[in-house]
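>
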Amino acid sequence: MGGDYKNYYDEQQENLRETFSEIGKKAELLLTVGQLLLEHGASADRVVRNMKRVAAFMGIPEEKFHLHIMYTTLMLNISDENHSHTSFRKCTKHGVDMRIISAVSKLTWRALRDRFMLEEFRENLKRIAERPRYYNWWQNVLVTGAACGAFCVLFGCDFSAAIYTAVCASLGKFVQIRCAHLGINEYVGMAFAAFVATVAAYFAHYLPTTTPWHPIIACALFLVPGVPIINGLTDMLNTFLFSGAAQFLRTSLIIGGMTFGIVFAIGMFPVVDFTNLRMLPDSDYLSFAAAAAIGAMGFSVLFNLPPRLLPAVGIGGALSVCTRNFLVFECGWGSELGTLAGATVVSILAVRAIHWLHTPMQVLIVPAVIPLVPGVLIYRFLFAMIHIRDLKLEQLLGAIQSGVDAVLIIFGIAVGAAIPNLFAQRAFERKDRAEQERLLQETYKSDAIN
505 MGGDYKNYYD EQQENLRETF SEIGKKAELL LTVGQLLLEH GASADRVVRN
555 MKRVAAFMGI PEEKFHLHIM YTTLMLNISD ENHSHTSFRK CTKHGVDMRI
605 ISAVSKLTWR ALRDRFMLEE FRENLKRIAE RPRYYNWWQN VLVTGAACGA
655 FCVLFGCDFS AAIYTAVCAS LGKFVQIRCA HLGINEYVGM AFAAFVATVA
705 AYFAHYLPTT TPWHPIIACA LFLVPGVPII NGLTDMLNTF LFSGAAQFLR
755 TSLIIGGMTF GIVFAIGMFP VVDFTNLRML PDSDYLSFAA AAAIGAMGFS
805 VLFNLPPRLL PAVGIGGALS VCTRNFLVFE CGWGSELGTL AGATVVSILA
855 VRAIHWLHTP MQVLIVPAVI PLVPGVLIYR FLFAMIHIRD LKLEQLLGAI
905 QSGVDAVLII FGIAVGAAIP NLFAQRAFER KDRAEQERLL QETYKSDAIN
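Taking the working numbering, I'd label the letters of the sequence shown as residues 505 to 954.
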């Protein structure tokens, strides 16, 4: 059967089955698929898998397909002993859109299963790219507030402080959207958004609440670069070194812009020492679960996740936080190990859920682990760095410890989210390749009969 499959490509000279028939059009379509995925938050290994699947649909065997990914550039070469075609595509507008990642993945399988023509595939791809987002700007503003308010609950605030946080975060998100519409640099816009949200949160301590400083901790967390962090680690571990390094650099720029806005705002006002904030919230597990679910679904809206998947992501967020809190507060585990375990639980469950929900694993995992972000530790470190000249040795060491713990926890989130790729990637690839070959064999038999 395998020999017949290869002979098919050697013998047929028509339509999509000839590797170098309309090679320019095929290369451009392949690069469009890769660009859509890379610019909307897909990891490099997902880009490669989807592009190879499309190449197979076009009649291009894997051994003739050569792809190099550099985060801002895709370089594609298709060659054999007699032909060679090389194309480049710049990818400059990076963001996160889970709907496009999911839709492109489904389209690549449909193209194989339903034997699309090139023009049919092109039209479907165009509709995916041009389809409006599920959520408009004011919905994004509202859910940003809800998500950050939920994070504040996870950090131990009372209900009033959560409401104040939601208002401040919504204001910050509005500023970020306006900066984008005005064409202001993305990272500068993040600095403005963080500054406005933090300044607004400062005045919460004049309002009736028992936790007046918690809104400052949570109001700018909508800027946390969860997708670049997770994708960067995944790409590095999968040997896409240039792409992974670029993702980490982008993460650094986002955190830098966010930090500049926060630090500038904190430096303007007499803010209390964040090292005095408690790490153990008083909420029960039902409150933890509800807040984590709201936070995860809020980020899902920002990532343009299809509405049908929001409940699944909410459950994932609740499971990740409750698992972490149980292991840390009840079993005495360290925060780093508890966070790693929480992210891992969600990742393992997502391996099964993708078959029930028919969506890529990344779409389910990334929003669900965002509520694990160590907001209190990050702010303890930032506050200490601002006032480093006034710190005693013991306080300085405590601040450094907070920074190290925060980095380790964030690393634990990224590793936990990447675990399916680390341990099951080859199994996923074998399964995909087997299904792909089955569909191609069916196409070959059908063409042979006709």
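Each residue gets a CB set at the ideal place from its N, CA and C atoms; glycine is no exception.
Would you say the region 659-672 touches the region 713-731, given that touching needs at least three Cβ pairs under 8 Å?
Yes, since at least three Cβ pairs between the region 659-672 and the region 713-731 fall closer than 8 Å, the two stretches touch.
> Alpha carbon to alpha carbon, how far is L912 from E840?
Near 6 Å, if we compare the C-alpha coordinates of E840 and L912.
> Return the first residue and the last residue of the beta strand (DSSP E) that S591 is part of.
Counting along the chain, the beta strand (DSSP E) containing S591 begins and ends at 588-594.
> Assuming A888 and Q899 form a contact by the criterion Cβ under 8 Å, report the distance between their Cβ atoms to the nearest whole angstrom.
Confirmed, about 7 Å.
> State buried or exposed for L535, treating a residue as buried only when at least 16 other CB atoms are found within 10 Å of its CB.
Buried is the call here.
> In the structure shown, what three-state DSSP assignment does S583 receive?
Correct three-state label for S583: strand.
> Measure the CB-CB distance between Q794 and P875 and report whether it falls below 9 Å.
Inspection of the sequence shows that residue 794 is occupied by Ala rather than by Gln. Not a contact, by the Cβ cut-off of 9 Å.
> Where does L675 fall in DSSP's three states?
Note: L675 maps to helix in three-state DSSP.
> Leaving out five residues on either side along the sequence, give the residues of the same chain with a beta carbon under 8 Å from the beta carbon of P712.
Excluding sequence neighbours, P712 sits near S664.
> For L533, tell me which candidate among W860, S547, T612 has the shortest Cα-Cα distance.
Comparing Cα-Cα distances from L533 to each of W860, S547, T612, the minimum goes to T612.
> Note down, in chain order, each residue of its chain lying with its Cβ closer than 7 Å to the Cβ of N554, except the 5 sequence neighbours on either side.
If we look at N554 and ignore the five residues flanking it on each side, its Cβ neighbours are V537, L541, V608, S609, T612.
> Do the CB positions of I604 and A633 come within less than 9 Å of each other?
Result yes, Cβ atoms of I604 and A633 sit closer than 9 Å.
> Which one of M562, V873, G545, K529 has the shortest CA to CA distance from V943?
Correcting the residue type first, residue 943 is Leu in the shown sequence and not Val. When only C-alpha atoms are compared, the closest one is M562.
> Which residues in the same chain as R934 place their Cβ atom closer than 8 Å to its Cβ, once the five residues preceding and following it in sequence are excluded?
Within the same chain, R934 has no close Cβ partners at all.
> What residues in its chain sit with their C-beta under 6 Å from that of H718, if we drop five residues either side in the sequence?
The residues are C656, F659, C661, A665.
> Do K530 and L622 have their C-beta atoms within less than 9 Å of each other?
Yes, the pair counts as a contact, with Cβ atoms nearer than the cut-off.
> Would you report the Cα separation of K556 and L741, rounded to the nearest angstrom?
Approximately 20 Å, taken between the alpha carbons.
> Assuming L813 and L737 make a contact with CB atoms under 8 Å, what is their CB distance in whole Å?
Not a contact, Cβ separation roughly 23 Å.
> Between which two residues does the alpha helix (DSSP H) holding H859 run?
H859 -> alpha helix (DSSP H) spans 839-861.
> Suppose you measure from the CA of I890 to the CA of G907; what does that come to, to the nearest Å?
Approximately 13 Å, taken between the alpha carbons.
> Are P878 and G730 close, meaning C-beta to C-beta below 9 Å?
No, the pair does not count as a contact, with Cβ atoms beyond the cut-off.
> Skipping 5 residues on each side, what residues in its chain have a beta carbon closer than 8 Å to that of I852?
Here the set comprises I923, P924.
> Can you check DSSP and say which residues form a bridge with T577?
According to DSSP, T577 bridges with K594.
> Applying the 10 Å Cβ sphere with the 16-neighbour rule, what's the burial state of H544?
H544 should be labelled buried.
> Taking Cβ positions, are F752 and P732 nearer each other than 9 Å?
Yes, they are a contact pair.
> Between the beta-carbon of F696 and the beta-carbon of I688, is there less than 9 Å?
Yes, they are a contact pair.
> On a CA-only basis, which of I869, P810, Q643, F807 is nearest S824? Give me that one, please.
That would be I869, whose Cα lies nearest to the Cα of S824.
> Which value, in whole angstroms, describes the spacing of the CA atoms of A684 and M762?
Each residue's alpha carbon lies about 15 Å from the other.
> With DSSP as the reference, please indicate the residues paired to L571 in a beta bridge.
According to DSSP, L571 bridges with L580.
> Report yes if the C-beta distance between R550 and Q940 is below 9 Å; otherwise report no.
Their beta carbons are not under 9 Å apart, which means R550 does not touch Q940 by this criterion.
> Between N628 and the ligand MN, is the CB less than 8 Å from at least one heavy atom?
Looking for the ligand MN in the displayed structure turns up nothing, as the structure carries no ligands at all.
> State yes or no: is the C-beta of A903 within less than 9 Å of the C-beta of G748?
No, the Cβ-Cβ distance between A903 and G748 is not below 9 Å.
> Helix, strand or coil: how does DSSP classify W717 here?
It is coil, neither helix nor strand.
> Could you tell me the boundaries of the alpha helix (DSSP H) in which R754 lies?
It spans 745-772 - the alpha helix (DSSP H) in which R754 sits, taken as one unbroken run.
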